[in-house]
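What follows is a single structure, written as structure tokens, with notes after it.
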């Protein structure tokens, strides 16, 4: 029943192919304890025309993938349907969904959509919950990019290949939450990054959890591609 329900939800949101292959982001949400976050990205691969779906389960305590994740499906057939790729990924994800679920969406507290033109993609300032008047301290996340060596073939595309640093500003202090030392092959020649979305699980200090989704813009065959990665964000234990 769980698999059929998930597949039905995924098929209802199936999108169409787009030039430049900006993956469609679908967040499945948090596990009941908030320690695992799951999301899917899907689309039609730039250049090949192959449909793909990738589902990620992130252990927020370890800042690493849950065993058995990520699940990556690509149907190497231009006539294949995106819905088929998503169904195959959902079927493979069923065990992890059962083991760590039921997953529930978090509260989206900040977002930079790819189509939103009047935002600052490397800076987000947010509150962890919707309460007014707020008892909470605003939290600032900042992205810094810097050149980083990568696969030799990436240097032929005319972009400076970059890693990123994620910084949290809280109560006037800056803390580096993540900094690249190397670039994983899965990022495929990245040259820019975006703070795409922040989601929070729970509503009470000491119990809530947060994750930031970072858009990775990389060199594609017909234009820039966009994929997503998720990182945990610590929240204050007290208001």
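In the numbering used here, the protein residues as written are 39 to 277. Yeah, the Cβ is synthetic: ideal placement off N, Cα and C, and Gly gets one too. Here the structure is a predicted model, which means the values were calculated and not measured.
Option in the options with minimal Cα separation from residue i
| i | options | result |
| --- | --- | --- |
| residue 155 | 234, 84, 245 | 234 |
| residue 95 | 118, 173, 62, 141 | 141 |
| residue 251 | 244, 259, 236 | 236 |
| residue 68 | 165, 248, 276 | 248 |
| residue 145 | 72, 153, 216 | 72 |
| residue 200 | 217, 100, 93 | 217 |
| residue 211 | 227, 180, 224 | 180 |
| residue 207 | 118, 272, 100, 106 | 272 |
| residue 209 | 148, 254, 174, 246 | 174 |
| residue 107 | 131, 124, 125 | 131 |
| residue 255 | 151, 105, 225 | 225 |
| residue 276 | 253, 152, 243 | 243 |
Neighbourhood of residue i by C-beta, 7 Å cutoff - its chain only, sequence neighbours within 5 removed
| i | result |
| --- | --- |
| residue 83 | 59, 90, 112 |
| residue 165 | 147, 172, 174, 176 |
| residue 163 | 176, 178 |
Inter-residue Cα distance where the pair is residue i and residue j
| i | j | result |
| --- | --- | --- |
| residue 184 | residue 202 | 6 Å |
| residue 137 | residue 110 | 19 Å |
| residue 261 | residue 64 | 22 Å |
| residue 85 | residue 241 | 44 Å |
| residue 187 | residue 259 | 21 Å |
| residue 70 | residue 191 | 43 Å |
| residue 134 | residue 98 | 15 Å |
| residue 53 | residue 120 | In this prediction, residue 53 has a pLDDT of 42, which is less than 50 and means its spatial position is unreliable; nothing more can be read from the coordinates. |
| residue 74 | residue 171 | 30 Å |
| residue 257 | residue 231 | 12 Å |
| residue 39 | residue 197 | Low confidence applies here, because residue 39 scores a pLDDT of 46, under 50, leaving its location unreliable; read the following figure in that light. Those two C-alpha atoms are separated by around 47 Å. |
| residue 245 | residue 167 | 12 Å |
| residue 227 | residue 61 | 16 Å |
| residue 229 | residue 158 | 17 Å |
| residue 46 | residue 169 | At residue 46, the pLDDT of 44 sits below 50, so the modelled position is not reliable; the number obtained from the coordinates is stated separately. Cα-Cα distance, rounded: 34 Å. |
Same chain, Cβ closer than 6 Å to residue i, neighbours up to 5 away in sequence not counted
| i | result |
| --- | --- |
| residue 127 | 91, 93, 109, 111 |
| residue 143 | 67 |
| residue 114 | 88 |
| residue 205 | 180, 212, 214 |
Other residues of its chain near residue i: CB distance less than 8 Å, five sequence neighbours each side excluded
| i | result |
| --- | --- |
| residue 122 | 89, 113 |
| residue 102 | 96 |
| residue 161 | 178, 179, 180, 181, 233 |
| residue 104 | 74, 95, 96, 97, 134, 138 |
Which residues DSSP lists as bridging residue i, in chain order
| i | result |
| --- | --- |
| residue 181 | 204 |
| residue 265 | 254 |
| residue 102 | 97 |
Inter-stretch contact at 8 Å, needing at least 3 Cβ pairs: the stretch 261 to 274 / the stretch 72 to 81 = yes
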